[in-house]
Amino acid sequence: MTELHTSQPLGIIVNGATGRMGYRQHLVRSLLAIRDSGGVPLPNGTKQPIELYLVGRNAEKLKEVAEAHSIKRWTTDLDQALAAEGFPIYFDALITQLRVPAIRKAIAAGKHIYTEKPTAESYAEALALAEEAEAAGIHNGVVHDKLYLPGLLKLRRLIDSGFFGEILSVRGEFGYWVFEGDWQPAQRPSWNYRAEDGGGIVVDMYPHWNYVIENLFGSISTVYATTRTHIPQRVDESGSPYTATADDAAYGIFELADGPIVQLNSSWATRVNRDELVEFHVDGTRGSAVVGLFSAKIQERNATPKPVWNPDIPDPRDYSATWSAVPQNEPAENGFKLQWIEFLRSVLGAGEHRYDFRSGAAGMLLAEAALASHEQGRKVSLTEHAQNLIGGPQ
Ligand SMILES: NC(=O)c1ccc[n+]([C@@H]2O[C@H](COP(=O)([O-])OP(=O)(O)OC[C@H]3O[C@@H](n4cnc5c(N)ncnc54)[C@H](O)[C@@H]3O)[C@@H](O)[C@H]2O)c1
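Numbering-wise, the working numbering comes out as the position in the sequence shown, counting from 1, plus 113.
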């Protein structure tokens, strides 16, 4: 394993640095924000400086990004970056299909690895990757950004404080209209809509739903999902029409081993009429909450209005006015940055990072079980599905 030299800047290789996630969330909002504030804040009050090494396929774009942000090192050759002195950490934000071979190279080079999700395109491969990382003794982490969102941190606090009593049910709405690409450019890459290129809303979003549900509400025992490709034809980045072969919407019901029932709609073909692009409505015996990326509002049992069904007159009550906002008591931080700090601290031996490759593999299991549920038209048990996929419970 690569030795850490903490007196030197901690070197991080960033692969896929010019991609949508790689650039905006990981480079600009997380790593450059950490670098420019003096480094990784450590529990003892000091800061560990960091240095970045960008990797990508387009030399022109890389050079432009590197110069714009005063980053000295960049290359289009991953092997060259992996062989460089002083860069013990590898980060991967490539398209999903390219992830496994790139991570395997980084494991072989003894790097500690942090990666975007999903870790692989199948559960079996994601599990194999987790085992290989564990055998190599490296720190391994997967992005679980939604758990670090200000809204979900508020939800965590509501749960921990016992606000809900018994949580009965959770309904989630995620999604927005992704332009078809014809009369306005699409706001997501075209590979997201081609199954053969690793696209699809289930493989994209169900790894997120897995860690959100498991960490907040409990372990998932079964999934029932129906998927659709609502928009069958789209136009790509170069203006060429293509057939959308991947699902762009998924309607799922999740049963928890010992807990609430969770329903989640995920869609890139829905027009937003909510306060935020994702919202979870949690109903408990003592109170309810509606939580988004940033905000959370609550209604307690003893402040619950008494609706009366009367189809003969317009309802005079303003229901949304009967909820109260949960205050933002600390400054809101970018969720990706918060998790980066946790991961880097763990590599430096100054804290724990909770979400490893095994947790990433669990996300792929849920995605694959949901796709099987759609194909078979039935509810699928996760334990049984894991047995089918790899021949035994893990
Ligand atoms: N955590 C989240 O909320 C979240 C959101 C969206 C996407 N993602 C994940 O992030 C990853 C990247 O998604 P994105 O939306 O940024 O995609 P993107 O297409 O914008 O970026 C992908 C990167 O891979 C590189 N790449 C593509 N093809 C390549 C090739 N043949 N050789 C070398 N490099 C190549 C691109 O240059 C780019 O840097 C995916 O795995 C996706 O599932 C995560």
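For glycine and all other residues, C-beta sits at the position ideal for the given N, C-alpha and C.
Treat the numbers as computed from the prediction; the structure is a model and nothing was measured.
Other residues of its chain near residue i: CB distance less than 6 Å, five sequence neighbours each side excluded
{"i": "A308", "result": "T358 and A359"}
{"i": "G132", "result": "A206"}
{"i": "P345", "result": "A357"}
{"i": "K410", "result": "V403, W436 and A438"}
{"i": "Q210", "result": "G311"}
{"i": "K492", "result": "T335 and Y337"}
{"i": "G372", "result": "F330 and G331"}
{"i": "N253", "result": "I226, A246, D469 and F470"}
{"i": "A249", "result": "I220"}
{"i": "V178", "result": "T131"}
Short Cβ contact (9 Å threshold) for residue i with residue j
{"i": "I326", "j": "V283", "result": "yes"}
{"i": "D205", "j": "T228", "result": "yes"}
{"i": "N305", "j": "W381", "result": "yes"}
{"i": "G202", "j": "K224", "result": "Just to set this straight, residue 202 is Ile in the shown sequence, not Gly. A contact, by the Cβ cut-off of 9 Å."}
{"i": "L191", "j": "K174", "result": "no"}
{"i": "Y261", "j": "G448", "result": "yes"}
{"i": "E494", "j": "T339", "result": "Sequence inspection shows Ser at residue 494; the Glu mentioned does not correspond to that position. The answer is no: Cβ separation not under 9 Å."}
{"i": "V404", "j": "G264", "result": "yes"}
{"i": "Y166", "j": "I226", "result": "no"}
{"i": "H362", "j": "N386", "result": "Looking at the sequence itself, residue 362 is Ala, so the reference to His does not match. For A362 and N386, no; Cβs fall outside 9 Å."}
{"i": "W322", "j": "L479", "result": "yes"}
{"i": "G285", "j": "E392", "result": "yes"}
{"i": "A172", "j": "R186", "result": "no"}
{"i": "I503", "j": "L240", "result": "yes"}
{"i": "G400", "j": "F276", "result": "yes"}
{"i": "D428", "j": "P420", "result": "yes"}
{"i": "Y355", "j": "V348", "result": "yes"}
{"i": "Y324", "j": "Y468", "result": "yes"}
{"i": "R137", "j": "Y289", "result": "no"}
Proximity test, residue i beta-carbon vs ligand 1 heavy atom, cut-off 8 Å
{"i": "L211", "result": "yes"}
{"i": "Q193", "result": "no"}
{"i": "D273", "result": "no"}
{"i": "M134", "result": "yes"}
{"i": "Q346", "result": "no"}
{"i": "G129", "result": "yes"}
{"i": "A181", "result": "no"}
{"i": "W296", "result": "no"}
{"i": "Q138", "result": "yes"}
{"i": "N171", "result": "yes"}
{"i": "L461", "result": "no"}
{"i": "P263", "result": "no"}
{"i": "G207", "result": "The question names Gly, but residue 207 in the sequence shown is Leu. The answer is yes for L207."}
{"i": "V256", "result": "yes"}
{"i": "W304", "result": "yes"}
{"i": "D317", "result": "yes"}
{"i": "P214", "result": "no"}
{"i": "E229", "result": "yes"}
{"i": "H466", "result": "no"}
{"i": "K259", "result": "yes"}
{"i": "R301", "result": "yes"}
{"i": "H321", "result": "yes"}
Bridge-paired residues (DSSP) for residue i
{"i": "H225", "result": "I202"}
{"i": "R341", "result": "A362"}
{"i": "W187", "result": "L167"}
{"i": "G288", "result": "S380"}
{"i": "P354", "result": "V348"}
{"i": "L123", "result": "I163"}
{"i": "F367", "result": "V336 and V375"}
{"i": "G520", "result": "This structure leaves residue 520 out entirely; the chain is present only between 114 and 507."}
{"i": "E413", "result": "G400"}
{"i": "S494", "result": "T335"}
{"i": "G448", "result": "DSSP lists no partner for G448."}
{"i": "E392", "result": "E286"}
Cutoff 7 Å; reference residue i; Cβ partners in own chain excluding five residues on either side
{"i": "P506", "result": "Bear in mind that the predicted position of P506 carries a pLDDT of just 46, short of 50, making it unreliable; the figure below should be weighed with that in mind. Only T496, A499 and Q500 meet the Cβ criterion."}
{"i": "L242", "result": "V213, I216, T232, A233 and F470"}
{"i": "G312", "result": "W304, N305, Y306 and A359"}
{"i": "A445", "result": "P263 and F407"}
{"i": "W453", "result": "S143, L144 and I147"}
{"i": "A483", "result": "V315, Y319, V336, A338, A363 and G365"}
{"i": "E116", "result": "Note that E116 scores a pLDDT of 43, beneath 50, so its modelled location is shaky and nothing firm can be said."}
{"i": "R458", "result": "V153, L155 and G464"}
Cut-off 8 Å between Cβ atoms - residues of its own chain near residue i, not counting five sequence neighbours on either side
{"i": "F292", "result": "P298, A299 and Q300"}
{"i": "K450", "result": "R142, S143, A146 and I147"}
{"i": "L195", "result": "I126, Y203, K218, A219, A222 and K224"}
{"i": "E481", "result": "S235, Y236, H498 and L502"}
{"i": "G199", "result": "H118, Q121, P122, G124 and E164"}
Is the stretch 273-288 close to the stretch 396-416, with three or more CB pairs under 8 Å? yes
At least 3 beta-carbon pairs within less than 8 Å: the stretch 454-474 vs the stretch 152-160: yes
Is the stretch 473-487 close to the stretch 325-342, with three or more CB pairs under 8 Å? yes
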